[in-house]
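These protein sequence lines map, in sequence, to chains A and B. 135 is the number that the numbering used here gives to position 82 of the first sequence; each next residue is one higher, with no gaps. 99 is the number that the numbering used here gives to position 97 of the second sequence; each next residue is one higher, with no gaps. The structure appears right after this line, and notes come after that.
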Amino acid sequence: MSAPIIWIGIPIIFSLLLFFLRTSRLFSLIVGGGISAFLALLALTFRVESVFPLGPISLEISSTFTLLGRNFVITDSERFIVALMFAMCAFWIFGSRISGTNSFFVPNILAIISLFVAALSVQPFLYAALIIEIAVLISIPIFFQRGQPVKQGIIRFLVFQTLAVPFILFSGWGFDSAPSSVDSQATYFQAGVLLAIGLGLWLAIFPFHTWVPLLARDGHPYSAGFIFSMIPTTILIFSLDFFNTFNWLREQSLFLTISQILGIVMIVLGGLFAAFQRELTRLVGYAVMVEIGFSLLALSLNQVIGWQSYILILIPRIIGIAICTLAISIWKNKELNMDIDSFQGEFYKSSYTMVGFLVGWFTFSGLPLLPGFPTKLPILIGLSQISISSIIFVSIGLFGLFVAGFRLLAIIFTTSNNQNEIESESLLQKLFFSFGVIVLLAMGIFPSLVLNPFLEILSAFANLK
Amino acid sequence: MNSLIDILPVLLAGLSSLILFINKNWRWNILAMAAIYVSVFWMVLQVWPIGLAVVKLIAGWMAGAILGSAVKEDSGLLVDDKKVEQRFKFVIVLIIWIFSFSILQSIKIRLPIPDPLIWGGVLLIIMGILQIGMSLRPIRIIFGLLTAFSGFEVLYAGVEQSVLVAGFLVIITLGIALVGVLFIQQEEGEIV
Chain A
54 MSAPIIWIGI PIIFSLLLFF LRTSRLFSLI VGGGISAFLA LLALTFRVES
104 VFPLGPISLE ISSTFTLLGR NFVITDSERF IVALMFAMCA FWIFGSRISG
154 TNSFFVPNIL AIISLFVAAL SVQPFLYAAL IIEIAVLISI PIFFQRGQPV
204 KQGIIRFLVF QTLAVPFILF SGWGFDSAPS SVDSQATYFQ AGVLLAIGLG
254 LWLAIFPFHT WVPLLARDGH PYSAGFIFSM IPTTILIFSL DFFNTFNWLR
304 EQSLFLTISQ ILGIVMIVLG GLFAAFQREL TRLVGYAVMV EIGFSLLALS
354 LNQVIGWQSY ILILIPRIIG IAICTLAISI WKNKELNMDI DSFQGEFYKS
404 SYTMVGFLVG WFTFSGLPLL PGFPTKLPIL IGLSQISISS IIFVSIGLFG
454 LFVAGFRLLA IIFTTSNNQN EIESESLLQK LFFSFGVIVL LAMGIFPSLV
504 LNPFLEILSA FANLK
Chain B
3 MNSLIDILPV LLAGLSSLIL FINKNWRWNI LAMAAIYVSV FWMVLQVWPI
53 GLAVVKLIAG WMAGAILGSA VKEDSGLLVD DKKVEQRFKF VIVLIIWIFS
103 FSILQSIKIR LPIPDPLIWG GVLLIIMGIL QIGMSLRPIR IIFGLLTAFS
153 GFEVLYAGVE QSVLVAGFLV IITLGIALVG VLFIQQEEGE IV
C-alpha cells in the first residue's frame, strides 16, 4: 500500500462511484464528506514510510507510486498539505447541503481535490500543470445552474486556465535546460517570464484578473467560492516547488520586484472595485483579488517571515471564502436581489448568515481579532522595511474592503415598519455558520495555537525555511 | 532544407484551421478538426515514434466525434455563414499569418525542435487564440481551445517524449471536447 493510492486513488474511485449515484444527494454528501474527513484525519495521524501492526499482519505505507515511468510521491512532510486539502474538501462538501449546488458538486470536488493532491505529489513536479488542467475541466459542470445558458465568466475561467498550461510547461522545460544552455542567464530569464505569465493566468493576476468577478457573478456562488479558494491554494503551494527547486528564482530581484508591484496592483484594484461595487456576488471576487495580491506580496519578501505568511494566509482565506459564498448562495436561493441596497434589515431576517458573511468579509479586510490581521500584519511589516509608499497603496486597498463591509453593515440594520418579520434559518445553517465563525475567531484570537501548526507545510520545502 | 513532405502538414494545419475559423457549417467544422489532428499527427511523427504519435490522431478524432455526436439536426447551434463576416475573418487570418511568420525566427532560436513543428505549432496556437478571441458562442470557443492546445502539443512534442505526458494531453483533449458537449447541452437546457 502506498500513500498516493490512499490519498489519490481511493478518493478518485469514490468520486467515480458518487458520480453515478449523484442523484441520491444525501448519500453522496455523507459518503463524500465522510471519506474526505477520514482521509484528512488519516493524513494527520498516520506516518508515511512506517509500519503499522494490524493484528496478525503489518501494514507499511510507502511514499511512492510509479505510473508510466513517473513517480507520485507523498512524503511524511507533505502529510499536512494532504490533511489540509481533504479537511477543506469535507468542509466544502458538508456546506453544499445548504448551498443549493447541483448534483455534480460532491463527486466532482472530491475528484478535483484528489487531482490537486496528485498535482502536488507528481515528480517531475512540472506535470502538475496538466493534472491541474484536468481538475479545471472536471470543475466546469459544478457551475451550471438550472435553466441558465453558459455564461461568460465560466468560459473565461476555462480559457484562462487552459492557456496557462503551455506557459507553465515551457517554463519548466526552460528552467531544466538553462544550466546546460550556452546563454543560461537568458534562458533562465525567458523561463521566468513564461512562469510569470502562466502563474498570472492561473492566479488571475492583473491583467488576467477579469474572470474572477465574472465567475463570482455568473457561476453558482458556492461552486465559484470553491474554485476561488482551492485553485489558488493548490497553485500557490505548487509555486513554492518552483521557488524551492530553482535557486535562480529566489535570487532574482527583478522577479521579486515584479511580484511586489503586481501584488500591490491586485490589492489596490480589488479594494477600490469592492468599495464601489453594488452587487454582492461580485464583492467576493474582488476580495479574492486582494487575497492573491497579499500572497504575491508575501512571496516578494523572500524571507522566512514571508514564506510563513504565504502559508498562514491560505487557511483563513479558504474558510472566509466558504462562509461568504455560502451566505450568498442562501440569499440567491431565496431569490433576493443581490444589489447591496436590497439588504435593508436583512440582519433581522437571517442573523446567522449575515454574521457569517460579515466575519468572513472582515477576515479579508484584516480586522483585528480576526485571522486576516495576524496573517497579513507580518507581510505589511516586511513590506514596510522595503518601501513605505507600498504600505500606503496596500492600505488604500484594505480601506476599500473596509468601506464595502461597513456600507453593508449600515444597510443591514436599517429597517422600515413593514420589514420586521423574522425568517427562520435551518439548524444546519446555524451550525455551519456558527462553526465557521468560531473557527475564524479562534484563529484570529489564538493564531499561534490554531494557525502555527500549519507551518509544518513548509517542511516539505527545504530551501524555504 | 525541409522536404515537401515535412511542409505539407503545416499547409494542412493552416488550411484546416482557416476553414474552422471562417466556416460555421457544423459538418465542415468537425471535418476541419479531424484534418487538424491529421496534421498534428504528421508533424509529431518527425520526433515521436509512430505508436506514440498515433495517440494524438486518435484522441483528436475522438474529440471531434464527441462534439459531432452532440449536435442534433434541429439544433439552434446550426447557423448560416455571412459572406461579409467570412471575408473579414479571412483578411484577419492573412494578417495574423504574416505576423506569425515574422516571429518564427525568434522562436527558432529558443526552441531546439525541427522547423515544421515550430511553423505548424505556432500557426495552430495563433489560429486557436484568434478563434477564442473573436467568438461568443461557447462551442466555437471550444474549437478555438482545441486548436490552440493542439498547436501547443506539436511544440511540446519536440521537447518532451514522456508517455505519461502524452496520456495527460489525451485526457485534456477529450476533456475539452466533453466540456464542449456539456456547453451544448446546457445551451439547449438538457442538463442539471
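C-beta atoms are modelled at their ideal positions from N, C-alpha and C, and glycine is treated no differently.
- prompt: For glycine 122(B) versus valine 12(B), is the C-beta spacing smaller than 7 Å?
  reply: Your numbering for residue 122(B) matches position 120 in the second sequence. Your numbering for residue 12(B) matches position 10 in the second sequence. For glycine 122(B) and valine 12(B), yes; Cβs fall inside 7 Å.
- request: Step through the CB atoms of chain B and report whether any lies within less than 7 Å of the CB of arginine 123(A).
  value: Position 70 of the first sequence, counting from 1, holds the residue named residue 123(A). It does: the Cβ of arginine 123(A) has a partner Cβ on chain B nearer than 7 Å.
- prompt: For aspartate 392(A), is the classification buried or exposed, using 16 other Cβ atoms within 10 angstroms of its Cβ as the cut-off for buried?
  reply: The residue given as residue 392(A) occupies position 339 in the first sequence. Only exposed fits aspartate 392(A), as fewer than 16 other CB atoms lie within 10 angstroms of its CB.
message: Would leucine 183(A) pass as an interface residue toward chain B - the criterion being a Cβ-Cβ separation below 7 Å?
response: Position 130 of the first sequence holds residue 183(A). Taking Cβ atoms only, chain B reaches closer than 7 Å to leucine 183(A), which makes this a yes.
- prompt: Terminal residues of the continuous beta strand (DSSP E) containing threonine 98(A)?
  reply: Start at 1 with the first residue of the first sequence, and residue 98(A) comes out as number 45. Segment 78–98 is the alpha helix (DSSP H) holding threonine 98(A); no beta strand (DSSP E) there.
message: Using a Cβ-Cβ distance cut-off of 7 Å, determine whether leucine 184(B) contacts chain A.
response: For this step, residue 184(B) is matched to residue 182 along the second sequence. Interface residue, yes.
field: Segment limits, alpha helix (DSSP H) that includes isoleucine 68(B)
entry: On the second sequence, position 66 is the one that residue 68(B) refers to. Counting along the chain, the alpha helix (DSSP H) containing isoleucine 68(B) begins and ends at 52–72.
message: I'd like to check one pair, glycine 409(A) with alanine 375(A): are the Cβ atoms closer than 7 Å?
response: By one-based count along the first sequence, residue 375(A) stands at place 322. By one-based count along the first sequence, residue 409(A) stands at place 356. No. Outside cutoff.
query: Going straight from the alpha carbon of isoleucine 208(A) to that of proline 140(B), what length do you get?
result: As a position in the first sequence, residue 208(A) is number 155, starting the count at 1. As a position in the second sequence, residue 140(B) is number 138, starting the count at 1. Approximately 7 Å, taken between the alpha carbons.
- prompt: Given that a residue counts as buried once 16 or more other Cβ atoms are within 10 Å of its Cβ, and exposed if not, what is asparagine 390(A)?
  reply: Mapped onto the first sequence, residue 390(A) falls at position 337. Flag for asparagine 390(A) reads exposed.
- prompt: Going by DSSP, what residues sit across from arginine 123(A) in a beta bridge?
  reply: Along the first sequence, read from residue 1 onward, the residue named residue 123(A) stands at position 70. Note: arginine 123(A) sits in a beta bridge opposite Leu120(A).
message: Any beta carbon of chain A sitting closer than 7 Å to that of valine 124(B)?
response: The count along the second sequence starts at 1 and reaches residue 124(B) at position 122. Closer than 7 Å: no.
query: How would you list, in chain order, the residues of chain A whose beta-carbon sits under 9 Å from the beta-carbon of tyrosine 158(B)?
result: By one-based count along the second sequence, residue 158(B) stands at place 156. Residues of chain A passing the Cβ test: Pro219, Leu222, Phe223 and Trp226.
- prompt: Taking serine 116(A) as the reference, which of Leu349(A), Val175(A) and Ser403(A) has the closest Cα?
  reply: Here residue 116(A) is taken as the residue at index 63 of the first sequence, counted from 1. That would be Val175(A), whose Cα lies nearest to the Cα of serine 116(A).
Within-7 Å CB hit, glutamate 189(B) to chain A: For this step, residue 189(B) is matched to residue 187 along the second sequence. Taking Cβ atoms only, chain A reaches closer than 7 Å to glutamate 189(B), which makes this a yes.
- prompt: How big is the Cα-Cα spacing for leucine 315(A) and isoleucine 432(A)?
  reply: Mapped onto the first sequence, residue 315(A) falls at position 262. Mapped onto the first sequence, residue 432(A) falls at position 379. The straight-line gap from Cα to Cα measures roughly 15 Å.
task: Sort Phe296(A), Ser442(A), Ser395(A) and Ser437(A) by Cα distance to phenylalanine 466(A) and report the nearest one.
output: On the first sequence, residue 466(A) is found 413 positions in, with the first residue counted as 1. Out of Phe296(A), Ser442(A), Ser395(A) and Ser437(A), Ser395(A) has the C-alpha closest to the C-alpha of phenylalanine 466(A).
task: Indicate the three-state DSSP secondary structure (helix, strand or coil) for proline 106(A) in the structure shown.
output: Stepping through the first sequence from its first residue, residue 106(A) is reached at position 53. Strand at proline 106(A).
field: Contact list for methionine 212(A) against chain B, beta-carbon separation under 7 Å
entry: The residue labelled residue 212(A) in the question sits at position 159 within the first sequence. Methionine is not the amino acid found at residue 212(A); the sequence shown has valine there. By Cβ distance, chain B contributes Ile134, Ile143 and Leu147.
field: Any chain A beta carbon closer than 7 Å to glycine 70(B)
entry: Residue 70(B) sits at position 68 when you count from the first residue of the second sequence. No - not a single Cβ of chain A is within 7 Å of the one on glycine 70(B).
query: Per DSSP, aspartate 392(A) is paired with what?
result: Indexing the first sequence from 1 puts residue 392(A) at position 339. Beta-bridge pairing links aspartate 392(A) to Glu332(A).
query: Which word fits threonine 98(A), buried or exposed, when buried means at least 16 other C-beta atoms lie within 10 angstroms of its C-beta?
result: Indexing the first sequence from 1 puts residue 98(A) at position 45. Exposed: under 16 other Cβ atoms inside 10 Å.
field: Reference valine 218(A); option with closest CA among Ala136(A), Tyr180(A), Ser89(A) and Leu504(A)
entry: Residue 218(A) sits at position 165 when you count from the first residue of the first sequence. Nearest C-alpha to valine 218(A): Tyr180(A).
- prompt: chain B partners of valine 203(A), CB-CB under 8 Å?
  reply: Indexing the first sequence from 1 puts residue 203(A) at position 150. In chain order: Pro140, Phe185, Gln188 and Glu189.
- request: Go ahead and label phenylalanine 92(B) buried or exposed: buried means 16 or more other beta carbons lie within 10 angstroms of its beta carbon, across all protein chains shown.
  value: Reading the second sequence from its first residue, position 90 is the one you call residue 92(B). By the 10 Å Cβ count, phenylalanine 92(B) comes out exposed.
- prompt: For a contact meaning CB atoms closer than 7 Å, what does arginine 112(B) contact in chain A?
  reply: Counted from its first residue, the second sequence places residue 112(B) at position 110. In chain order: Gln243.
- prompt: Mapping DSSP to helix, strand and coil, what is serine 55(A)?
  reply: Here residue 55(A) refers to the residue found at position 2 of the first sequence. In the structure shown, serine 55(A) sits in a strand (DSSP, three-state: E or B).
- prompt: Going by other Cβ atoms of all chains shown within 10 Å of its Cβ, with 16 needed for buried, is glycine 324(A) buried or exposed?
  reply: As a first step, residue 324(A) must be located in the first sequence, where it is residue number 271. When all chains shown are included, glycine 324(A) counts as buried.
- prompt: In terms of alpha-carbon separation, which member of Ser102(B), Ser164(B) and Leu180(B) lies closest to isoleucine 195(B)?
  reply: No answer is possible for residue 195(B): it lies beyond the span of chain B, which begins at 3 and ends at 194.
- prompt: Looking only at its own chain, which residues have a Cβ that is under 6 Å from the Cβ of methionine 496(A), when we skip the five neighbours before and after it?
  reply: In the first sequence, counting from the first residue as 1, residue 496(A) sits at position 443. Close CB contacts of methionine 496(A) within its chain, under the 6 Å cut and outside five residues either way in sequence, are with Pro369, Pro424, Val503 and Leu504 (chain order).
- prompt: For leucine 180(B), which residues of its own chain have a beta-carbon under 8 Å away from its beta-carbon, when the five flanking residues on both sides are left out?
  reply: Within the second sequence, numbered from 1, the residue matching residue 180(B) stands at position 178. Taking C-beta separations shorter than 8 Å and ignoring five residues to either side along the sequence, the partners of leucine 180(B) in its chain run Ile68, following chain order.
message: Please report the straight-line C-alpha distance between proline 194(A) and phenylalanine 426(A), rounded to a whole angstrom.
response: The sequence position of residue 194(A) within the first sequence is 141, counting from 1. The sequence position of residue 426(A) within the first sequence is 373, counting from 1. Rounded to whole angstroms, proline 194(A) to phenylalanine 426(A) spans 35 Å at the Cα level.
field: Separation of leucine 354(A) from isoleucine 284(A), as counted between CA atoms
entry: Reading the first sequence from its first residue, position 231 is the one you call residue 284(A). Reading the first sequence from its first residue, position 301 is the one you call residue 354(A). Distance between the alpha carbons of isoleucine 284(A) and leucine 354(A) is about 23 Å.
- prompt: Taking 7 Å as the CB-CB limit, is glutamate 186(A) close to chain B?
  reply: Reading the first sequence from its first residue, position 133 is the one you call residue 186(A). When Cβ-Cβ separations below 7 Å define contact, glutamate 186(A) makes contact with chain B.
query: Along the region 431–451 of chain A, what residues have a CB closer than 7 Å to any CB found in chain B?
result: none
query: Should phenylalanine 197(A) be flagged as near chain B, meaning a C-beta pair shorter than 7 Å?
result: For this step, residue 197(A) is matched to residue 144 along the first sequence. Yes, contact with chain B.
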